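Structure, as structure tokens:
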Amino acid sequence: MSLTSEISSLTRRQALVDGSGIIKSRQFGVALTAIVILGIVARIFFVLGWTVGAPLHGDPLFFQQSAARIANGQGYVDRFLGKGALVPTAEHPPVFSFVLAGLDLLHLRSVDAHRVALAFISAAGVLVMGLFGRRLTSPGVGLLAAGIAAVDPLWIQQGGFLMSESVYLVVVPLMLLIALRCIDRHNRVDFVAFGVIIGVATLTRSEAIEFVVLLGAPVVVFAAYRWRQRGTLALMLLAGLGIVFVPWLIRNDVELGALTLSTNGGLTLAGSYSAATFSPKSPVYGGFDNNSQFGTAAVIVAYENPPNHARHWTELTLSNAMSHSAISYALKHLSDLPGVLAAREGRVWGVYAPGAELNFDVAEDGTGARGPKQVGQIMNWVLLPFCLIGAVWLARRSRKRMIIVAAPILAVAITAAAFYGSTRLRVAAIPSIAVLASIGALSVIAGVRTRANWLGAQLREGDGSDPTVASPTR
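In my numbering, the protein residues as written are 131 to 604.
Dropping the structure here:
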């Protein structure tokens, strides 16, 4: 086989992953539009098939009720422990409730109307994934990543369950897209927008605050070579964050008595650090214990006095007391933590106790959508090996871009280690998994094609050399 043929073969392999000269802009737009429509149809199909008419409980019920109160002019309020008068709340960050309130103002007020509307809203994540993948490496990667986002049950089901993740899966890939834009052609406006979108992510899911460090810091470093320039860009990012954060923090300080993002931390810690989640024999080992969450709250309210001689517990003081109780439990069981951490990581990536985690997910949603969740588990197992291949390929090509894409994966790993492992917590990482798996799949296809072309050339030319190994005689 001639040297020219070898170079041509390797060039075609690189082009399949890079997408150079393969998909024109107009073709990409048409294909991406078709994939977005597929994503909308898949989401509506899921709603009609599994969640239409299903009652709400837990977080979805809170989102629905708080949205109605916002739309009615009552503000962001709730009943403390489900009883008494309406009081200001920060039990969950406000973005998703305000999205639903916007739908209420458009006269889309029923639960099922919200589910269908979220099918369209969440499909914007499919569009952003296409643009993100194209900017990261190539149009081909963008289209394949968008295709995964269109049909993967973990992407599809969030709107049907009325979960904040339906919006989060639009915000996270958009955040990654803007991060790439910042390092490709940085300017101050881009960094302000970057700060704003990180802020929106945090006020959708409070653990997204990690992105300020895990994503914001590397982007600032990669975007400029001089520290003075980096300082200016960092200030722009912080300004964008401030636009979103400051009003919410001031509101919580005035209404609740603390500069806090959310008062849900105590409940989360109480459900994460319990005898059940620390016992290897328990089905929720390394996971989340709802019984401990609600039991701890009930015991504290019934048998402990509020701090500072207050007459009543509040959302904030109860959260602080529950956090203290959970931390005390953790400190008394430090020797168990290594095993618990391993179980949490295994659960969050779907490789430990998948059956127990599936049962937990089905019970938590209460819709009976076991089949789609099983398909989601299988799809996760299929994507992870290709994700690893894609990560190796991207890291060799651009370490900067790999660090950007890896930030959500690292964020999920940190969150799981600190709290608990579950399918729900993996959501922030699935845009990165999808795009890396797309790169990995195209790389494998390219390798198979290259090998097939080489074998065909051997039959024609009788040359036994491997095109991927340089010959010492050439």
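Glycine residues also receive a C-beta, built at the ideal position from the N, C-alpha and C atoms. It should be emphasised that the depicted structure is a prediction, and the values quoted were computed from it without experimental measurement.
By DSSP's criteria, residue i is part of a beta bridge. Which residues make up the other side?
| i | result |
| --- | --- |
| D208 | V217 |
Flag this pair as yes or no: are the beta carbons of residue i and residue j separated by less than 8 Å?
| i | j | result |
| --- | --- | --- |
| V256 | I313 | no |
| D129 | G289 | With the chain covering 131 to 604 only, the question about residue 129 has no answer from this structure. |
| I665 | T267 | Only positions 131 to 604 of the chain appear in the structure, and residue 665 is not among them; the question remains open. |
| Y298 | V478 | no |
| L235 | A201 | yes |
| L448 | G396 | yes |
| L333 | L162 | no |
| L446 | L386 | yes |
| V271 | V470 | no |
| R531 | L524 | yes |
| V350 | L367 | yes |
| F291 | P190 | yes |
| A537 | F262 | no |
| T181 | T497 | yes |
| N382 | A220 | yes |
Which one of the options has the shortest CA to CA distance from residue i?
| i | options | result |
| --- | --- | --- |
| L345 | G361, F324, T334 | F324 |
| M305 | G370, V246, L274 | G370 |
| L365 | T267, R318, R265 | R318 |
| A483 | V384, A537, G416 | G416 |
| V512 | P224, I563, Q359, G272 | I563 |
| D282 | I575, A587, A567, L585 | A567 |
| D320 | P303, V271, L363, W357 | L363 |
| F193 | G277, G232, M293 | M293 |
| A543 | I560, A388, V505 | I560 |
| L572 | I539, R529, F262, I519 | I519 |
| V330 | V229, L524, I170, N510 | V229 |
| L514 | V481, S528, A280 | V481 |
| P468 | T407, T497, A525 | T407 |
| G203 | L216, G212, D383, F210 | L216 |
| V258 | H244, A276, P269 | A276 |
| A607 | A280, R527, L389, A405 | For residue 607 there is no data in the structure shown, the boundaries of the chain being 131 and 604. |
| S528 | R315, F352, K411, L589 | F352 |
| T426 | R156, S402, Q504, H244 | S402 |
| A620 | V492, L211, Q157 | Residue 620 lies beyond the stretch modelled for the chain, which goes from 131 to 604, so this question has no answer here. |
| A493 | G188, G179, I170 | G188 |
| Q359 | A521, L464, I170, H316 | H316 |
Tell me which same chain residues have a C-beta within less than 7 Å of the C-beta of residue i, skipping the five on either side of it?
| i | result |
| --- | --- |
| Q287 | F176, A499, P502 |
| R474 | G416, A546, A547, Y550, G551 |
| I327 | V301, L304, M305, I308 |
| W443 | V431, P436 |
| V246 | I174, V177 |
| Y206 | S196, I200, P218, T219, P224, S227 |
| A172 | A280, V281, I286 |
| D491 | K503, T553 |
| G214 | none |
Near residue i, which residues of its chain fall below 6 Å by C-beta distance, leaving aside the five closest residues on each side in sequence?
| i | result |
| --- | --- |
| L399 | S453, A456 |
| P348 | I533 |
| G151 | For G151, the predicted model reports a pLDDT of 44, less than 50, meaning its position is unreliable; a value from the coordinates is still stated below. Excluding sequence neighbours, G151 sits near nothing in its chain. |
| G506 | P283, L284 |
| S336 | P223, L391, S392 |
| R264 | G272 |
| P93 | A query on residue 93 cannot be resolved here, the shown segment of the chain reaching from 131 to 604 and no further. |
| N510 | G480 |
| A254 | V300 |
| F158 | P269 |
Near residue i, which residues of its chain fall below 8 Å by C-beta distance, leaving aside the five closest residues on each side in sequence?
| i | result |
| --- | --- |
| S409 | Y415 |
| G586 | none |
- Message: For the pair the stretch 366 to 379 and the stretch 429 to 447, tell me if three or more CB-CB distances fall below 8 Å.
- Response: Judged by Cβ distances under 8 Å, the stretch 366 to 379 makes no contact with the stretch 429 to 447, as fewer than three pairs qualify.
- Does the stretch 405 to 423 come close enough to the stretch 247 to 262 to have 3 or more Cβ pairs within less than 8 Å? The answer is no - the stretch 247 to 262 does not touch the stretch 405 to 423, with fewer than three Cβ pairs under 8 Å.
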